[in-house]
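Residue numbers (our numbering): 140 to 493. Have a look at the structure below before the remarks.
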Amino acid sequence: MGKFFTSVETFDYRSKLSAKRVDLTSINQLIHLRRLTLRQVDLLTQRSADIIFHNLTKLEVLEMYHCRIYSLEGSLTKDFKSLKRLYLHIENIYNVFYSFTEPLSSLKYLTFNNLQMFCSCDNAWLITWAKGCRQVEVIMLSPYAKTGMYALEDLICLSDNGLDTPNFVKYTEANCTTEVSFVLFAATCLGVLFFMLVVLVHNLAGPYLLPLYHITLGWLSEAMRSNTTGRYHYDAFVSYSGKDERWLGKDIVENITDSLYRSRHTVCLVSRHYLHSNWCSLEMKLATSRLQVEQRDILLLVFLEKIPPRRLSAHHRLARLVKTRTYLDWPQDPNQHQAFWDRLWAKLKPPNEA
């Protein structure tokens, strides 16, 4: 039907609730439709009731008289960008979800005739929305009201037992307001506690968070390797500045954390270049953090040149290590180089060779 009358702007369809089902999906092909009226249409029998109203982006007026539908939700109205007037006279009891009104950006008048809803907190939003939305005038009609109209405060709903019809506003105040308030209170408290915890951890352990992260990552990596021949792959991890590379004769290790935790010791080759290197600063943090956690003699300092105390004082970790631990100086006299290597090897050799 729809594909033959795509230019139609007004469409009025009448059916019978007891009549044989007619597929109305083709209505969504009337893309120029501006006014649609459905009378006695049972949308409960439609295979996809929401699809009927898709593509109707130019629709300005929708009227439903004595129709049936299970619920009003956003899937029905998602293309109603131009809808200005909506008249609903639904025969059965149904739910109205908040998503139903979200696409209705142009809506001016919403009329409910003989509105029948379930007593559910899912419908509670309607009262607040109808009172607070200044753009839309919500009109409540009823054949049982003296003037034909009634206020939102007089709206009733059907309870779970199917018999009682309490006042809907009083029902929501008694059953839904507390729930929403509690959720907001709990969410606020958790948010404040989380913020305080973040601030506290940052103030107390800020400098250790990055090293701790790498330590944990190193332990996890080591645990997953399942090394059966021994825990360590290397005798020492060497931390040094790229400008001292000539002395060592190697490139900077790409995976610092992995190599550090697969080594029994960490050797820091300290020089003026070392003190200015961000990579070396990170390696020093990782090594000292590991030293504090494992409480073993795993860190060895080797000074490649004399560094004045005033320069060391600016590097707190290194200054503390120099005061509390032994270290080696690289001798300038070539005759003392062999003695240096002997002392270094004595520190680094495996325990079974001691």
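All C-beta atoms, glycine included, are put in the ideal place defined by N, C-alpha and C.
Task: Of the listed residues L430, D397, Y237, N342, nearest to L359 (C-alpha basis) - done: Stepping through the sequence shown from its first residue, residue 359 is reached at position 220. L359 has its Cα closest to that of D397, out of L430, D397, Y237, N342.
Task: the segment 273-284 contacting the segment 303-317, beta-carbon criterion three pairs below 8 Å - done: no
- [ ] Output the residue ranges of the alpha helix (DSSP H) runs that lie fully inside the segment 372-447 and measure 4 residues or longer, sorted by chain position.
- [x] 384-387, 395-400, 411-414, 417-433
Task: At least three beta-carbon pairs within less than 8 Å, the segment 261-269 to the segment 216-227 - done: Judged by Cβ distances under 8 Å, the segment 261-269 makes no contact with the segment 216-227, as fewer than three pairs qualify.
- [ ] With DSSP collapsed to three states, give me the class of F219.
- [x] For the purposes of this step, residue 219 is taken as the residue at position 80 of the sequence shown. Residue state, collapsed to three classes: coil.
TODO: Check whether the Cβ atoms of S402 and F376 sit closer than 8 Å, and answer yes or no.
DONE: Your numbering for residue 402 matches position 263 in the sequence shown. Your numbering for residue 376 matches position 237 in the sequence shown. Result yes, Cβ atoms of S402 and F376 sit closer than 8 Å.
Task: Cβ-Cβ distance between R178 and Y152 below 8 Å - done: Counting from 1 along the sequence shown, the entry for residue 178 is found at position 39. Counting from 1 along the sequence shown, the entry for residue 152 is found at position 13. In this structure, R178 lies near Y152, with their beta-carbon atoms less than 8 Å apart.
Open item on the list: Helix, strand or coil, according to DSSP, for P473 in the structure here?
Closed with: One-based indexing of the sequence shown puts residue 473 at position 334. DSSP places P473 in helix when its eight states are reduced to three.
TODO: Consult DSSP for Y310 and reduce its assignment to one of helix, strand or coil.
DONE: Taking the sequence shown and counting its residues from 1, the one referred to as residue 310 is at position 171. In the structure shown, the three-state DSSP call for Y310 is helix.
Open item on the list: With H, G and I counted as helix, E and B as strand and the rest as coil, what does DSSP make of D468?
Closed with: Your numbering for residue 468 matches position 329 in the sequence shown. Reduced to three states, the DSSP call for D468 is strand.
TODO: Count the other C-beta atoms from every protein chain shown that fall within 10 angstroms of the C-beta of Y379, then say buried if there are 16 or more, exposed otherwise.
DONE: Counted from its first residue, the sequence shown places residue 379 at position 240. That one is buried.
Open item on the list: DSSP has E276 in a bridge; who is on the other side?
Closed with: Numbered from its first residue, the sequence shown carries residue 276 at position 137. In the DSSP output, where bridge partners are listed per residue, E276 has Y248.
- [ ] Can you give me the Cβ contacts of F307 inside the same chain, cut-off strictly under 8 Å, excluding the 5 residues immediately before and after it?
- [x] Taking the first residue of the sequence shown as 1, we reach residue 307 at position 168. Cβ within range, chain order: M256, C258, N262, I266, L294, I295, C296.
Task: Where H404 falls, given that 16 or more other Cβ within 10 Å makes a residue buried - done: For the purposes of this step, residue 404 is taken as residue 265 along the sequence shown, with counting starting at 1. Burial call: buried.
- [ ] Could you tell me the distance, in whole angstroms, from the CA atom of H412 to the CA atom of V337?
- [x] Position 273 of the sequence shown holds residue 412. Position 198 of the sequence shown holds residue 337. CA-CA distance, H412 to V337, rounds to 35 Å.
Task: Cα-Cα separation between L195 and I170, rounded to whole angstroms - done: Position 56 of the sequence shown holds residue 195. Position 31 of the sequence shown holds residue 170. Going by the C-alpha atoms only, they are around 5 Å apart.
Task: Proximity of R224 and E199 at Cβ, strictly below 8 Å - done: The sequence position of residue 224 within the sequence shown is 85, counting from 1. The sequence position of residue 199 within the sequence shown is 60, counting from 1. In this structure, E199 lies closer than 8 Å to R224 by Cβ.
Open item on the list: Using CA atoms only, rank isn't needed, just tell me which of L254, F236, L302 is closest to M279.
Closed with: Position 140 of the sequence shown, counted from the start, is the residue given in the question as residue 279. Nearest of L254, F236, L302 to M279, Cα basis: L254.
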